[in-house]
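Colleague: With the numbering used here, letter number 909 in the sequence shown gets 1138, and the count goes up by one each step, no holes.
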Amino acid sequence: MSGNRRFSQIRGPISWMVHNRVTPNLLMIFLLLGGLFMTTRIKQEVFPEFDLDMVTVSVGYSGASPEEVEQGIILAVEEAIRAIDGVKEMTAAAVEGNGTVAAELEEGADQQTVYQEIQQEIDRITTFPEDADEPDVSLATHLREVLTIDLYGDVSEMALRETADKVRDRLLQNSGITQVDLAGARDYEILVEVPQDRLRAYGLTLADIAAAINNASTEIPGGSVDTAGGDILLRIKDRRDWAVEFARIPMVTTADGSVVYLEDIAAVREDFEDSDKSAAYDGHRAIGIDVYRVGDQTPMGVAGAVRRAMSEIERDLPAGIGWHISHDMSDVYRQRLELLLKNAFMGLVLVLAVLGLFLEFRLAFWVTMGIPTAFLGSLLFLPVVGVSINMISMFAFIVALGIVVDDAIVAGENIYAYQQQGMGFARAAVFGARDVAMPIAFSILTNVVAFLPLFFIPGTMGKIWKVIPLVVITVFLISWVESLLILPGHLAHIKRRQTGRPTTRLHRWQQGFTRNVARFIDRIYGPFLDLCLRWRTLTVAIGLAVLVVVLSYALSGRIGMILMPRVESDQADVTAVLPVGSPMDKVRAVRDRLSAAMTAVAAENGGDRLLKGVFSRIEENQVEVSAYLTDAGVRPLNTGDVTRLWREKLGPVVGLESLLFESDGGGPGSGAALTVELSHSDIHVLDQASAALAERLAGFSSVKDIDDGYTPGKQQLDFSIRPEGQSLGLTSAEVARQVRNAFSGAEALSQQRGRNEVTVRVRLPESERTSEYHVEHLMIRTPAGPFVPLAEIANVERGRAYTTISRRDARRTVTVSANVEPIGETGQVQAALNSTILPELARDYPGLAYGYQGRQADMKESLQSLLGGFALAMLAVYFLLAIPFRSYSQPLIVMIAIPFGIVGAVLGHLLMGYNLSVMSMMGIVALSGVVVNDSLVLIDYANRQRREGAGLHEAIRVAGLRRFRPIVLTTLTTFGGLAPMIFEASRQARFMIPMALSLGFGILFATVITLILVPCLYLLIEDVHQCFRPGQWYDPASGVIPDS
230 MSGNRRFSQI
240 RGPISWMVHN
250 RVTPNLLMIF
260 LLLGGLFMTT
270 RIKQEVFPEF
280 DLDMVTVSVG
290 YSGASPEEVE
300 QGIILAVEEA
310 IRAIDGVKEM
320 TAAAVEGNGT
330 VAAELEEGAD
340 QQTVYQEIQQ
350 EIDRITTFPE
360 DADEPDVSLA
370 THLREVLTID
380 LYGDVSEMAL
390 RETADKVRDR
400 LLQNSGITQV
410 DLAGARDYEI
420 LVEVPQDRLR
430 AYGLTLADIA
440 AAINNASTEI
450 PGGSVDTAGG
460 DILLRIKDRR
470 DWAVEFARIP
480 MVTTADGSVV
490 YLEDIAAVRE
500 DFEDSDKSAA
510 YDGHRAIGID
520 VYRVGDQTPM
530 GVAGAVRRAM
540 SEIERDLPAG
550 IGWHISHDMS
560 DVYRQRLELL
570 LKNAFMGLVL
580 VLAVLGLFLE
590 FRLAFWVTMG
600 IPTAFLGSLL
610 FLPVVGVSIN
620 MISMFAFIVA
630 LGIVVDDAIV
640 AGENIYAYQQ
650 QGMGFARAAV
660 FGARDVAMPI
670 AFSILTNVVA
680 FLPLFFIPGT
690 MGKIWKVIPL
700 VVITVFLISW
710 VESLLILPGH
720 LAHIKRRQTG
730 RPTTRLHRWQ
740 QGFTRNVARF
750 IDRIYGPFLD
760 LCLRWRTLTV
770 AIGLAVLVVV
780 LSYALSGRIG
790 MILMPRVESD
800 QADVTAVLPV
810 GSPMDKVRAV
820 RDRLSAAMTA
830 VAAENGGDRL
840 LKGVFSRIEE
850 NQVEVSAYLT
860 DAGVRPLNTG
870 DVTRLWREKL
880 GPVVGLESLL
890 FESDGGGPGS
900 GAALTVELSH
910 SDIHVLDQAS
920 AALAERLAGF
930 SSVKDIDDGY
940 TPGKQQLDFS
950 IRPEGQSLGL
960 TSAEVARQVR
970 NAFSGAEALS
980 QQRGRNEVTV
990 RVRLPESERT
1000 SEYHVEHLMI
1010 RTPAGPFVPL
1020 AEIANVERGR
1030 AYTTISRRDA
1040 RRTVTVSANV
1050 EPIGETGQVQ
1060 AALNSTILPE
1070 LARDYPGLAY
1080 GYQGRQADMK
1090 ESLQSLLGGF
1100 ALAMLAVYFL
1110 LAIPFRSYSQ
1120 PLIVMIAIPF
1130 GIVGAVLGHL
1140 LMGYNLSVMS
1150 MMGIVALSGV
1160 VVNDSLVLID
1170 YANRQRREGA
1180 GLHEAIRVAG
1190 LRRFRPIVLT
1200 TLTTFGGLAP
1210 MIFEASRQAR
1220 FMIPMALSLG
1230 FGILFATVIT
1240 LILVPCLYLL
1250 IEDVHQCFRP
1260 GQWYDPASGV
1270 IPDS
């Protein structure tokens, strides 16, 4: 009676929840139903949305060479913004006719403030060339593309473009589609081509005609008139939109009064911009229609709307025009979501099965219910911190799947132990939960601290991966509430077991397994633990030897270290770059050869089972060919093998500047395996150094697809005004303007026509601008009116322009890139570069600077952040352990599991055949908080035994025996939750597996350490203590040194 009275007098939240059985049920129902409701409201996307933290300044300078763009545009912009606070780094690119400077912002900088300051500084620049366009300053945005519709057919470019415009307009009429853009389509232009003899006949220049066109097409408000009948708006409207309307513009009135119209002196027609840009699908002319999602639209919702709309639009397409959907991110989202859900379900089943083996199935059920409660409950709070349902957040749930149940296992197993001792269910629930409330609290906190470094990874990778700690920490905190407040309330009111035959058999089977576990503990683990404790110094020495050997092997570089496992894509890509100025016939021949090689590979390897179609794109001297492959589960080859066979089938192609094959899925880990950036003030030195570096890289058998970063530009004719020209009143600026207008065209005006922007351009006809003869004999009008040939008033020198001039932080740069196969050997190549090749290059070319960009830069930045965060996290874990233990040494015993967890992670990668990667390191950092939990529970139990009077040896021995089951149980559930992902055969999951490997195998190995090495260290610490304080022992739980 007195025991019941004492029990009823126990106060606290645990006791209160146990005695108010409705409250735990209501709290669980709220978390479950609230989470289910949020699944319909939370944003869905493939990858997390994030800001790019970059401001770009772009200035058009029609007809200018890259050197002119650099001098006239880039240098002025760099000087204007280099001192602005919040700008971390500047990169610039000068190409023909355009210059762009991108300012990367510091972490945490206010985007709008920096953007406004840059805009103000650019507005103050007064040295831009007179003919340069207005600067375009913008915050870089990340468009969320859902899919591309490839519209194709054997029709004219104009017919295909008009059809694409109509399809775009029809799509935008659908309420589920908000943003649609055309890709690979040349812009509309109205071309006005005037022969030189007509210009001379009427004393006109191209600039005169452009000005007349501009003046003749106006639409200007003229104010309003206030009349007795009301206001009347005034508007001057003489707008022209089509070529036939511009053709009727009057140009000259002759002496006899007749009017000469534009069509009388020029050919006026609807056309497209003059650029070597085209696309094809399976050999047919093609235009891409990109569809994006906006706001809270989901990939699957937008894709569904597109397919429904296209099923109606298809009926109205002209004969000979077809369509195909590619780059469908909704398929990627659906496939990977199904993959993750499948792994989550299998993990949940494994967790439940493991719990059912060690505990009664009723108890296992309520412990397992903590998983959906924590997961769905977290959905109530994740939108508040900006987390959506995406690939990364779903993976975070899988990471948490096995870990989150640990707290419930510790609490449930302790309650179960009290029940087995004959204590009533309610009393067992209260006492069992109260016993482990402190270690559960601190294990949750160590888990939280261990995942925090992932939140502070810098750069784009950090923006993506910070979702993991946000999800996991939220789930942990809710599981804390569930394990100490909801679970005890349910276990306290489990109904008495029914005597039905099926339940009895199941119960007997489970009890038999429990007896076998107890027999294993008593007959095998117990004696082995006694042996290890007796030879504790040798045991610890063996453990440390294993630690040193494995970590030394990992640090030796024998295990490849990469940024991110490559994600296999459903398309294989090849990019071929020809010399600038190559004839289009030659460019098309390369495209056709690439496409034919891919078609041949498909014909030999399954045909339609492998290949859906081939899309190609030409832009100037660059050819891109993409092979759209069937789904991974259907095609007989993986994408890497497809690209290998494609390369072999293609064979050597003479006359290419570079050739690059790619098979990954983009995103983190994509791109060239090795990227070295060289910097020097002399661009000629850069060219020589980059060629030398490319030649050294070619000496490695594993290095493929080398690009030295140098592409010779177009031939260039440089003009300088002679004294004869100056005597005629001609200036360099005026001559340059007339030359540019003749060959690039004078832009008369640019205006909106429907959804399209149309430019009216005035230039010479093609027959008068196709050779050097036409340049030298171009007639230049003098200020007095007569025309003179260009060759008579200017000197001409032949040269060659650069294709692109790249700069970083106001220094010219060249980037040398290459792929490495297998990619795990990238570290060995990089080691050779660091030790000999790059230092020798710097010695041979004084003033040369070098550095890594791309994957290497991202990996270095990420690893530095992770290592710094790991050190701080370990310090925080030590503090968190020292507080409950009230000891400086015992936290070190608990934390010894961390390096051995790393050993397990390394062994797991070796066993499964994976390279170490940044994802692996992220898993190791997170592992550091998880592996200490078992040691924490073990040492806490030993300390309680000592407080109750047990000897040192007996206390740690009993702790090992008593905590064997919950330690093994938490390990198996954690590994079981991750096992489906670890052993996932899908190639789409490769980039997520390394983190699961680190956590899963790290915990497995650390469990052995916890059960064997931690007890030995516990005694060794006392042995050391006895050396300094003979005859005394230290009780960290009490904080005093009692007499021996």
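The beta-carbon is built from N, C-alpha and C at its ideal position, and this holds for glycine as well.
Could you check what DSSP says for Asn1118 in three-state terms: helix, strand or coil?
Modeller: The sequence given here places Ser at residue 1118; Asn does not occur at that position. Three-state DSSP puts Ser1118 in coil, outside helix and strand.
Colleague: On a CA-only basis, which of Glu499, Leu888, Ile621, Leu713 is nearest Ser1046? Give me that one, please.
Modeller: Of the candidates Glu499, Leu888, Ile621, Leu713, the one whose C-alpha sits nearest the C-alpha of Ser1046 is Leu888.
Colleague: What is the DSSP secondary structure of Ala321, reduced to helix, strand or coil?
Modeller: Here Ala321 sits in strand by DSSP.
Colleague: Could you tell me the distance, in whole angstroms, from the CA atom of His553 to the CA atom of Asp870?
Modeller: Rounded to the nearest angstrom, the two C-alpha atoms are 25 Å apart.
Colleague: Note down the Cα distance separating Gly1152 from Asp636, rounded to an integer number of angstroms.
Modeller: Rounded to the nearest angstrom, the two C-alpha atoms are 20 Å apart.
Colleague: Quick check: the stretch 687-702 against the stretch 259-272, are there 3 or more CB pairs under 8 Å?
Modeller: As far as the Cβ criterion goes, the stretch 687-702 does not touch the stretch 259-272, which means the pair count is below three.
Colleague: Rounded to the nearest angstrom, what separates Ile1270 and Val665 at their Cα positions?
Modeller: Note that Ile1270 has pLDDT 38, beneath the 50 cutoff, so the model's placement of it is unreliable and the number below is only indicative. Each residue's Cα considered, the two are about 26 Å apart.
Colleague: Taking all protein chains shown into account, decide if Leu428 is buried (16 or more other Cβ within 10 angstroms of its Cβ) or exposed.
Modeller: Leu428 is buried by the Cβ-count criterion.
Colleague: Evaluate Pro1195 with the Cβ neighbour count: other Cβ atoms within 10 Å of its Cβ, from every protein chain shown; 16 or more gives buried, anything less gives exposed.
Modeller: Its Cβ being crowded by 16 or more others within 10 Å, Pro1195 is buried.
Colleague: Are at least three pairs of beta-carbons, each pair with one atom in the stretch 854-869 and one in the stretch 760-768, less than 8 Å apart?
Modeller: No, because fewer than three Cβ pairs between the stretch 854-869 and the stretch 760-768 fall closer than 8 Å, the two stretches do not touch.
Colleague: In chain order, what residues of the same chain have a beta carbon less than 7 Å from the beta carbon of Met246, not counting five sequence neighbours either side?
Modeller: Counting only Cβ-Cβ distances below 7 Å, and skipping sequence neighbours, we find Thr252, Pro253, Leu714, Pro717, Gly718.
Colleague: Based on DSSP bridge pairs, tell me the residues matched to His722.
Modeller: Paired residues: none, contrary to the question.
Colleague: For Gly1133, which residues of its own chain have a beta-carbon under 8 Å away from its beta-carbon, when the five flanking residues on both sides are left out?
Modeller: Excluding positions up to five away in sequence, the list reads Phe1230, Gly1231, Ile1232, Leu1233, Phe1234, Ala1235.
Colleague: Helix, strand or coil for Leu609? Go by DSSP, reduced to three states.
Modeller: Looking at Leu609 - three-state DSSP - the assignment turns out to be coil, as it is neither helix nor strand.
Colleague: On a Cα-Cα basis, can you pick out the residue from Gly1080, Leu758, Leu630 that is closest to Glu1183?
Modeller: Answer by Cα proximity: Leu758.
Colleague: Quick check on the DSSP output: the beta strand (DSSP E) that includes Ala1184 runs from which residue to which?
Modeller: No beta strand (DSSP E) holds Ala1184; the alpha helix (DSSP H) holding it covers 1181-1211.
Colleague: Apart from the five residues just before and just after Ser244, which ones in its own chain have a Cβ nearer than 7 Å to its Cβ?
Modeller: The answer, listed in chain order, is Val659.
Colleague: Determine, using beta carbons only, whether Ile516 and Ala414 come nearer to each other than 8 Å.
Modeller: Yes, they are a contact pair.
Colleague: For the stretch 734-813, which segments carrying the beta strand (DSSP E) assignment without a break, of at least 3 residues, lie completely within its bounds, in sequence order?
Modeller: The stretch 734-813 contains these whole beta strand (DSSP E) runs: 797-806.
Colleague: Taking the alpha-carbon positions, what's the Glu492 to Ala476 distance?
Modeller: Taking the straight line from one Cα to the other gives about 5 Å.
Colleague: Hey, out of Glu1001, Asn1063, Tyr1031, Val964, whose CA is closest to Phe1016's CA?
Modeller: Residue Val964 is the option with its Cα nearest to Phe1016.
Colleague: Report yes or no: do the stretch 669-683 and the stretch 696-714 share at least 3 C-beta pairs separated by less than 8 Å?
Modeller: Cβ pair count under 8 Å is three or more, so yes.
Colleague: What separation, rounded to the nearest whole angstrom, lies between the Cα atoms of Leu1226 and Ser1146?
Modeller: Taking the straight line from one Cα to the other gives about 11 Å.
Colleague: Ends of the alpha helix (DSSP H) at Ser708?
Modeller: Element bounds for Ser708: 696-710.
Colleague: So which of Leu874, Ala861, Lys815, Asn867 has the shortest CA-CA distance to Met827?
Modeller: Comparing Cα positions, the closest option is Leu874.
Colleague: Tell me whether the beta-carbon of His909 lies closer than 8 Å to the beta-carbon of Tyr1031.
Modeller: Going by C-beta atoms, His909 is not nearer than 8 Å to Tyr1031.
Colleague: Would you check if the stretch 558-565 and the stretch 430-446 touch, i.e. whether three or more CB-CB distances between them fall below 8 Å?
Modeller: At 8 Å Cβ cutoff, the stretches do not touch.
Colleague: Look at the alpha carbon of Arg752 and the alpha carbon of Val583, and state the distance between them as a whole number of angstroms.
Modeller: So the alpha carbons of these two residues sit roughly 22 Å apart.
Colleague: Determine the DSSP secondary structure at Ser446, reduced to helix, strand or coil.
Modeller: DSSP places Ser446 in coil when its eight states are reduced to three.
Colleague: By DSSP, does Glu886 sit in helix, in strand, or in coil?
Modeller: Coil.
Colleague: Is Phe1220 helix, strand or coil when you go by DSSP?
Modeller: Coil, per DSSP.
Colleague: For Cys1256, is the classification buried or exposed, using 16 other Cβ atoms within 10 angstroms of its Cβ as the cut-off for buried?
Modeller: Flag for Cys1256 reads exposed.
Colleague: When you compare each of Lys506, Val704, Arg1186, Val991 to Ile600 by their alpha carbons, which one comes out closest?
Modeller: The option with the nearest alpha carbon to Ile600 is Val704.
Colleague: How far does the beta strand (DSSP E) with Trp552 in it reach, from first residue to last?
Modeller: Its beta strand (DSSP E) spans residues 550-555.
Colleague: With burial defined as no fewer than 16 other Cβ atoms inside 10 Å of the residue's Cβ, what is the status of Glu997: buried or exposed?
Modeller: Buried.
Colleague: Take the Cβ of Glu589 as the centre, count every other Cβ of all protein chains shown within 10 Å, and call the residue buried at 16 or more, exposed below.
Modeller: Glu589 is buried by the Cβ-count criterion.
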